[in-house]
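If you read the sequences in order, they're chains E and V.
Sequential numbering from 4 applies to the first sequence in my numbering.
Sequential numbering from 3 applies to the second sequence in my numbering.
Below: one structure, written as structure tokens.
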Amino acid sequence: MSQRHTITALVQNESGTINRVVSLFRRRGFSLASFNAGDCEQVGFSRMTFVVDGDHGVMVQVLRQLDKLIDVVDCESLEPEKSVSREMVLVRCQPRPEQRESLYNLVLEFFGKTPAASETAVVVEFAGDLAEVERLIEALQPYTIQEIVRTGLVAIKLD
Amino acid sequence: MERSGARVVMEALERQGVDVFFGYPGGVVLPLYDEMLNWPQIKHILVRHEQAAAHMADGYARATGRVGVCLATSGPGATNLVTGIANAIMDSIPMVAITGNVNSWAIGKDAFQETDIQGITIPITKHNYLVTNVDDLPYVLEEAFYLANTGRKGPVLVDIPKDVFIKKTSVAFPDKIERRGYRLPPTPDAGQIATAAKMIAEAQKPVIIAGAGVMHSHSWDELRTLAETCDIPVINSLLGLGCFPRDHELSLGMMGMHGEATGTLAVQEADLVMGIGIRFDDRLTGDTSKFAPNAKILHFDLDISEVGKTVTPIAFVIGDLKDSLQAVLKEVAPKTHPAWRAQVKSWQETYPLVVPEGKFLSRTVLRALNEHTEGEAIVSTDVGQHQMWTSQFIKFKKPHTWLSSGGLGTMGFGFPAAMGAKFAQPDAEVWAVVGDGGFQMTLQELQTAVEFNCNVKIALLNNGYLGMVRQWQELFYDHRYSHVAMGSPDFGKLAEAYGVKFLRCSRTEDLDATLEEARAHNGPVLCEFVVEMEENVFPMVPAGGSNSQVIMDPALKTPVEAAK
Ligand SMILES: Cc1ncc(C[n+]2csc(CCOP(=O)(O)OP(=O)(O)O)c2C)c(N)n1
Ligand SMILES: [Mg+2]
């Protein structure tokens with residue numbers, strides 16, 4: 004049964020590391036729904052989060068193949084109940100003048116922010132789990148969405 | 003002590019005990035070629051094409067288990083290595099490929115002969131490096147050799163910009179490689195071992211399929227003890243040939259698309275299939291849903307990613323095969339399977355390999371070659387029909403004597419790989435069995451062989467066709483031969499031009515004399531065997547077909563009745 008799996012990896016930063024890791028997904032035909040990489044608590048290392056679609060067997064293969072890469076120190080699949088996963092999204096809307104107030108109210112309801120605005124545009128910032136992000140984007144539809152930028156999921160386990 | 007990056011490279015080769023390596027110069031590796039003149043004890047073989055350098059390094063590694071080293075300049079030199087590197091990763095061959103690159107400050111600017119060889123080889127190396135700081139070079143080179151030859155072996159590429167060869171460093175080589183997250187195979191788990199032992203104890207019709215992993219882990223003695231103690235017939239995967247003596251009464255030879263029928267039938271009938279150091283490749287399993295339908299599958303390997311990749315085993319043992327087999331041997335009691343052995347024997351009698359008489363066939367030649375060399379010579383092959391017949395007819399007795407491109411199936415591999423093996427094992431008798439097609443892909447190395455008096459014997463089976471492709475067109479495309487009739491030069495004149503001894507044989511009567519003369523000559527010999535043009539390899543399991551539907555050799559008189 005195909006499912007979403009959230010996988011995180013600790014990798015050593017070297018020339019070619021990101022290339023090598025991402026190339027693995029393409030080469031082996033794993034379906035990568037989102038990918039995020041950034042610095043972490045250890046100097047010279049990064050943490051990556053992958054969202055992968057596939058059955059249990061695919062998830063196991065992804066982990067085993069990732070683990071074989073020399074740059075990958077550790078990797079694991081996170082259980083939803085024992086981890087937190089979030090995605091940040093920035094949306095630039097172009098509300099009509101009479102819509103502005105309701106847009107600000109909507110963002111407040113979502114506990115989002117509006118870090119920047121111009122005469123014509125408002126940038127909405129929001130972080131939440133995948134479902135919340137999808138709901139926000141849906142709710143912003145009436146406000147003429149011009150651009151959406153998403154980070155891809157980042158995830159951390161509880162213990 | 004402060005020394006140049008070029009000197010660091012040569013020091014690294016010396017530290018690793020590299021006695022010979024294979025390369026081709028160019029602009030950006032000039033500093034290294036200059037430094038080489040100070041190291042006469044490390045022999046550099048100047049090839050005629052970088053692909054051959056990679057295949058020679060590969061042959062060197064297959065014949066010894068040591069890391070093979072090849073070297074090329076940037077750009078076209080580096081890209082010419084690519085086929086050889088891809089070949090090595092498919093067969094888990096320990097190799098270090100060193101490439102030069104343009105000056106570090108010019109990288110990314112499309113400088114003359116710049117190519118992103120690191121990017122290109124990411125999917126075909128175990129690991130690769132671009133070294134932009136000379137201080138990193140001692141560690142990187144040491145780690146490259148370590149990675150290439152530990153765990154699941156494979157090729158590692160080190161790309162070194164020209165200025166890094168020139169710059170000086172006083173950084174010493176590390177005493178120890180410590181790489182976070184790089185884990186050597188675990189000690190086999192006691193529970194897994196107990197399960198394996200229990201499965202062996204309960205089996206009535208067990209078989210072992212032993213692969214190249216046995217070679218890589220030097221566990222052929224353990225394999226043999228296990229087979230003998232528990233009375234288990236041993237089949238080899240293509241690359242496993244040699245890890246179990248073919249003349250042993252428990253040996254059933256190779257299985258796979260063109261494996262001997264007995265092995266295939268035995269697997270389809272077995273109640274326990276033990277895969278030892280194999281990766282259940284599609285050429286071996288055929289249609290996986292029909293593979294070994296009656297068997298529990300027990301998989302021994304060091305690489306857990308191989309478990310369940312194509313065939314799902316009931317149980318597995320992960321660890322270095324030597325440790326795993328030793329641990330299992332402690333847990334198993336001697337047993338016998340007389341009924342099963344009798345069944346296997348009757349298949350062997352019903353479905354032997356056949357060599358029809360009265361014609362001069364590739365099989366006629368290879369049967370004779372086997373009689374002359376008695377499974378003692380190192381034999382490499384190219385890719386095609388001759389490769390399959392060699393795997394069937396040469397009765398390998400010892401590990402590291404069979405060199406063939408299994409995973410990638412690289413035409414052009416056979417001859418340079420044989421040369422690499424000969425450079426590695428100067429005292430061994432080395433044969434390259436090649437087809438007229440594949441030989442023409444790397445025959446330029448005849449010149450290299452002449453220059454170094456590299457004493458390899460080339461058995462060129464000239465059938466005038468890209469035979470394996472022709473066979474598929476005959477069987478699956480209704481005899482419509484499309485671009486498989488292959489012209490060749492006059493090989494006699496070619497050999498003469500290179501100054502290589504040449505023998506041509508087209509009759510069975512002359513076969514013994516030809517082989518004797520070739521073997522007696524101290525130097526390279528090209529033996530052209532002008533064989534029957536349309537000969538087919540059997541048995542055969544068509545690609546993706548079920549192993550229960552083996553197409554037997556039509557020359558067999560017995561009606562064909564494959565196991566259900
Ligand atoms: C580099 C490369 N190109 C194409 C193929 C496809 N191929 C596999 S076998 C074969 C025919 C080989 O012909 P030859 O070398 O004459 O050997 P034969 O089969 O006749 O023994 C070909 C073209 C290949 N394996 N490798
Ligand atoms: Mg041919």
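Idealized CB from N, CA, C, for every residue including glycine.
Predicted, not measured: the structure shown is a model, and the values here were computed from it.
| Item | Value |
| --- | --- |
| Kindly identify the DSSP beta-bridge partner or partners of E/Thr11. | E/Thr52 and E/Glu79 |
| According to DSSP, what are the bridge partners of V/Lys503? | V/Val527 |
| Between the segment 76 to 86 of chain V and the segment 103 to 116 of chain V, are three or more C-beta pairs nearer than 8 Å? | yes |
| Mapping the DSSP letters down to three states, classify E/Glu90 as helix, strand or coil. | strand |
| From the DSSP output, in three-state form, read off V/Arg9 for me. | helix |
| Using the C-alpha atoms, what's the distance from V/Asp384 back to E/Lys160? | 52 Å |
| Should V/Gly439 be counted as a contact of ligand 1 given a C-beta to heavy atom distance under 6 Å? | yes |
| In three-state DSSP terms, what is V/Tyr184? | coil |
| CA-CA distance, V/Val452 and V/Ala423? | 16 Å |
| Is the Cβ-Cβ distance between V/Val269 and V/Leu252 less than 7 Å? | no |
| Does chain E have any CB closer than 7 Å to the CB of V/Arg182? | yes |
| Hey, is V/Gly469 close to ligand 2, as in C-beta under 6 Å from one of its heavy atoms? | yes |
| Counting pairs of Cβ atoms below 8 Å between the segment 316 to 328 of chain V and the segment 239 to 248 of chain V, do you hit three or more? | no |
| By Cβ distance below 6 Å, which residues in the same chain neighbour V/Leu468 in space, the five residues on each side in sequence not counted? | Gly439, Val486 and Met488 |
| Pick from V/Leu304, V/Val209, V/Thr227 and V/Cys232: whose alpha carbon is nearest that of V/Ala272? | V/Val209 |
| Could you check what DSSP says for E/Glu2 in three-state terms: helix, strand or coil? | With chain E covering only 4 through 162, there is no way to say anything about residue 2 of chain E. |
| Quick check: what's the CA-CA separation for E/Glu84 versus E/Ala158? | 12 Å |
| So is E/Gly155 in contact with chain V if we call contact Cβ pairs under 7 Å? | no |
| Between V/Gly437 and V/Leu73, what straight-line distance do the alpha-carbon atoms span, to the nearest angstrom? | 27 Å |
| Do V/Gly86 and V/Lys128 have their beta-carbon atoms positioned less than 7 Å apart in this structure? | no |
| In or out: E/Glu90 buried (at least 16 other Cβ within 10 Å) or exposed? | buried |
| Measuring straight from C-alpha to C-alpha, what distance separates V/Val357 and V/Leu368? | 10 Å |
| So V/Asn105 and V/Lys170 are in contact, right, with Cβ under 8 Å, and what is the actual spacing, rounded? | About 16 Å separates the two Cβ atoms, so there is no contact after all. |
| So, helix, strand or coil for V/Ala198, using DSSP? | helix |
| Quick check on the burial criterion: 16 or more other C-beta atoms within 10 angstroms. Buried or exposed for V/Trp404? | buried |
| Distance cutoff 7 Å, beta carbons only. Does V/Gln120 sit that close to anything in chain E? | yes |
| Whose C-beta lies closer than 6 Å to the C-beta of V/Leu132 among residues of the same chain, with five residues either side of it excluded? | Gln120 and Asp161 |
| Taking the runs of the alpha helix (DSSP H) that are 4 residues or longer, which of them lie wholly in the segment 268 to 294 of chain V? | 284 to 287 |
| Just the chain E side, please: which residues come within less than 8 Å of V/Ala307 by C-beta, in chain order? | Note on residue identity: the sequence assigns Ser, not Ala, to residue 307 of chain V. Here the neighbours are Gln64, Arg67, Gln68, Asp70 and Lys71. |
| Grab the span of the beta strand (DSSP E) containing V/Leu48 for me, first residue to last. | Lys45 to Leu48 |
| Assess, as a yes-or-no matter, whether the segment 36 to 56 of chain E is touched by the segment 102 to 118 of chain E under the definition of 3 or more beta carbon pairs within less than 8 Å. | no |
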